[in-house]
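Residue numbers (our numbering), protein chains in the order written: chain A, 236 to 706; chain B, 24 to 277. Where is the CB? At the ideal position from N, CA and C, for every residue including glycine. Since the structure is predicted, the reported quantities are computational estimates derived from the model, not experimental observations.
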């Protein structure tokens, strides 16, 4: 008998059908990879399978409907790991150890058993050294390992993984993938993701979620593996400059750009009480250039972006945008020249419709109504949001929300565009759309600075690289 | 440590005591302030602060006491003595008058509040919230009660960081956050709405996370590291609660 049996599962958001009489049967110990684009219904399926959504009648685990099982039974059978680890912390534990113990404690297990499970989970996820830390002070990668540890401490039969590494940097991603690889064959894994590359790494049965139903996929149908050699060749062909945090670097990057859109001159910055983060950094970005900032976490990439858009002020040196010194302008004044797309679109969304959300920026800048409408319509078209214009932005998929943020920035018609990991979590279709926007902005003479850990994305789109990780 | 946590890690008998015993002590002190004469209540405040000093947490307690209790005592004194018209009011300066009855009220109310604040500060400074949660669990208190207590302490820093991220995101879209009063008022929806919506989304998700980890699967939960109860603590808690009830009864009926 199959461990998981789903029959005729349907789900809809408003008039949009997401799951359509979906059937699925999974044997115990299987690794099941479900491939689906942004908005294909992966999260909806994962939530139904985990008992987070629906009435649980369509899902049977070990022959018994999920709906008929108690909270304790469900918790011991299935654990769900999502995309944003901070949202999957209990909010009740003051240490990593307490967070892992939280579930087994709820099940009233004997203390010896709880201690055994906690120690095993700490060791398996490499968190032993962080056992006393406050979970909310951990990095994203550490938090995701903690969420996994807390799930493993429940000793579930099924682990549902909903894009578990999509928000992590490559190093953290590798650590989580190593943990999951060890679980193959021991736990029934159901992994839903947009990336065939990731799903291929764990192996197992491969399905595609399309138009609300699951279809078997022949591994040969998948796009070929990323050609690492080709990516490296492209990267090495790009002008690359390396900046060290502790010593001045004569960076000649963009020296030919005249006049530059962005000019950074002898910039130094440090946070109070911390070591210098950026020292004597100089570079220029001209019209139509795309500069990629790369480097490990903590190298100062996001800090540099916040210095450019005026949220932080230089300790020494200066930054000019279209000839204007950022120290002399407020952030909202700089918004006329600089557009920033942050990683979390939900932090800016507040209007009741996509249309009004996109208009918000130009309205703040005092742009004439006819121009606002023209820019809004163009931005909606370029981001593929025309049909969604009257919907509430928070009703859209996460990928569409990212494009709402991009459209909002494009509507301000900035001379300089700043994108912080804008490609993260996007499927192939949405990545292509983003790349088309970047190409069009480049052609229109907009200068762009991107932060990305995805070197394929950098190789395809950047015209130059500034590596802040040379220490 | 979460920024909402006021715990001061010092080695003392009070730090080692069961948090439930300390809670009973707090209840007893609160009820005591209603039966003692005002001057004695201020003496009690002094004793509590001296005890905090003797146990090595004087600085943490005194700083917080000065920041919270003193402004309250000052304002209640001004209101009672100068602004509320009592029968013995005598002119002071201009429209202001001063009253001995008002001053006596201020000393009485201020003393009670100061004692309650001082005792509460000693409790939170000597008790790590995680130990208090374990004590609740070991005593079989409802899991939801402990969650309501712990969650704000842990979330306050995250919430503050998010509020800042929202301010930054909206400012970079051209929203003016400084300047005239009207423009500040107009900026409020753009700042508050994302904070509320993200909090609601997270609350919904966290409810599922809790259920998924078996929260409230049973009426009580166990704890990996139970708080040690010294032999005298359980009878002491009973005595403290009995005294508190007696003091409340004295206050109400005598």
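Backbone secondary structure at residue i - three-state DSSP
| i | result |
| --- | --- |
| residue 60(B) | coil |
| residue 449(A) | strand |
| residue 353(A) | helix |
| residue 231(A) | Within the shown structure, residues of chain A are numbered from 236 to 706, placing residue 231(A) beyond reach of any answer. |
| residue 485(A) | Because the pLDDT of residue 485(A) is 48, which lies under 50, any placement of that residue in the model is unreliable, and the number read from its coordinates should be weighed accordingly. If DSSP states are grouped into helix, strand and coil, residue 485(A) belongs with coil. |
| residue 625(A) | coil |
| residue 325(A) | coil |
| residue 520(A) | strand |
| residue 96(B) | helix |
| residue 506(A) | coil |
| residue 317(A) | coil |
Distance between residue j and residue i (C-alpha atoms, nearest Å)
| i | j | result |
| --- | --- | --- |
| residue 427(A) | residue 267(A) | 8 Å |
| residue 32(B) | residue 149(B) | 7 Å |
| residue 454(A) | residue 437(A) | 13 Å |
| residue 646(A) | residue 613(A) | 8 Å |
| residue 621(A) | residue 660(A) | 22 Å |
| residue 699(A) | residue 473(A) | 5 Å |
| residue 550(A) | residue 693(A) | 29 Å |
| residue 113(B) | residue 121(B) | 5 Å |
| residue 108(B) | residue 96(B) | 19 Å |
| residue 532(A) | residue 656(A) | 12 Å |
| residue 378(A) | residue 370(A) | 7 Å |
| residue 82(B) | residue 151(B) | 17 Å |
| residue 513(A) | residue 362(A) | 31 Å |
| residue 483(A) | residue 534(A) | Reliability of the predicted coordinates at residue 483(A) is poor, the pLDDT of 45 falling under 50, and no value is obtained from them. |
| residue 696(A) | residue 343(A) | 54 Å |
| residue 624(A) | residue 644(A) | 16 Å |
| residue 29(B) | residue 225(B) | 25 Å |
| residue 271(B) | residue 583(A) | 52 Å |
8 Å Cβ cutoff, residue i in contact with chain A
| i | result |
| --- | --- |
| residue 61(B) | no |
| residue 203(B) | no |
| residue 163(B) | no |
| residue 197(B) | yes |
| residue 32(B) | no |
| residue 211(B) | no |
| residue 42(B) | no |
| residue 229(B) | yes |
| residue 235(B) | yes |
Residue-chain proximity (residue i, chain B), Cβ-Cβ < 8 Å
| i | result |
| --- | --- |
| residue 575(A) | yes |
| residue 485(A) | Caution is warranted here: a pLDDT of 48 is assigned to residue 485(A), below 50, making its placement in the model unreliable, and the coordinate value is therefore given only provisionally. No, residue 485(A) lies away from the interface with chain B (no Cβ there is under 8 Å from its Cβ). |
| residue 333(A) | yes |
| residue 340(A) | yes |
| residue 595(A) | yes |
| residue 330(A) | yes |
| residue 600(A) | yes |
| residue 482(A) | Confidence at residue 482(A) is low in this model, with a pLDDT of 45, below 50, so its placement is unreliable and the value that follows should be read with caution. No, no contact with chain B. |
| residue 544(A) | yes |
| residue 630(A) | no |
| residue 584(A) | yes |
| residue 371(A) | yes |
| residue 566(A) | yes |
Residue i, buried or exposed, once every other Cβ within 10 Å from all chains shown has been counted against 16
| i | result |
| --- | --- |
| residue 273(B) | exposed |
| residue 461(A) | exposed |
| residue 409(A) | exposed |
| residue 504(A) | buried |
| residue 590(A) | buried |
| residue 70(B) | exposed |
| residue 432(A) | exposed |
| residue 86(B) | exposed |
| residue 217(B) | buried |
| residue 649(A) | buried |
| residue 210(B) | buried |
| residue 567(A) | buried |
Beta-carbon neighbours of residue i, restricted to chain E and to distances below 7 Å
| i | result |
| --- | --- |
| residue 236(A) | Considering every chain present, this structure includes no chain E. Its protein chains are A and B. |
Quiz item: Looking at chain B, which residues of the region 272-301 of chain A have a Cβ within less than 7 Å of any of its Cβ atoms?
Solution: The region 272-301 of chain A vs chain B, Cβ under 7 Å: 285 and 287.
Quiz item: When Cβ atoms are compared, which residues of the region 632-662 of chain A fall closer than 9 Å to chain B?
Solution: Residues of the region 632-662 of chain A with a C-beta atom less than 9 Å from some C-beta of chain B are 640, 643, 644, 647 and 653, listed in chain order.
Quiz item: What residues in the region 237-258 of chain B have a beta carbon less than 9 Å from any beta carbon of chain A?
Solution: Of all residues in the region 237-258 of chain B, those with a C-beta nearer than 9 Å to a C-beta of chain A are 237, 238, 239, 240, 241, 243, 244, 245, 246, 247, 248 and 249, reading in chain order.
Quiz prompt | Cβ-based contacts, 9 Å cut-off: residues of the region 343-365 of chain A near chain B | solution = Going along the region 343-365 of chain A in chain order, one finds 343, 344, 345, 346, 349, 350 and 353 with a Cβ nearer than 9 Å to chain B.
Quiz prompt | Under 8 Å (Cβ pairs) to chain B, residues found in the region 497-516 of chain A | solution = Here the close residues number zero.
Exercise. Could you run through the region 142-155 of chain B and flag, in chain order, every residue whose CB is less than 8 Å away from some CB of chain A?
Key: 151, 152 and 153: these are the residues of the region 142-155 of chain B whose beta carbon lies less than 8 Å from some beta carbon of chain A, given in chain order.
Quiz item: Between the region 300-323 of chain A and chain B, which residues of the former have CB atoms less than 9 Å from a CB of the latter, in chain order?
Solution: In summary, the residues of the region 300-323 of chain A whose CB is separated from some CB of chain B by less than 9 Å are 305, 306, 307, 308, 309, 310, 311, 313, 314, 315, 317, 319, 321, 322 and 323, in the order they occur in the chain.
Quiz item: Listed from N- to C-terminal order along the chain, which residues in the region 402-413 of chain A have their beta-carbon within a distance smaller than 7 Å of any beta-carbon of chain B?
Solution: Answer in chain order: no residues at all.
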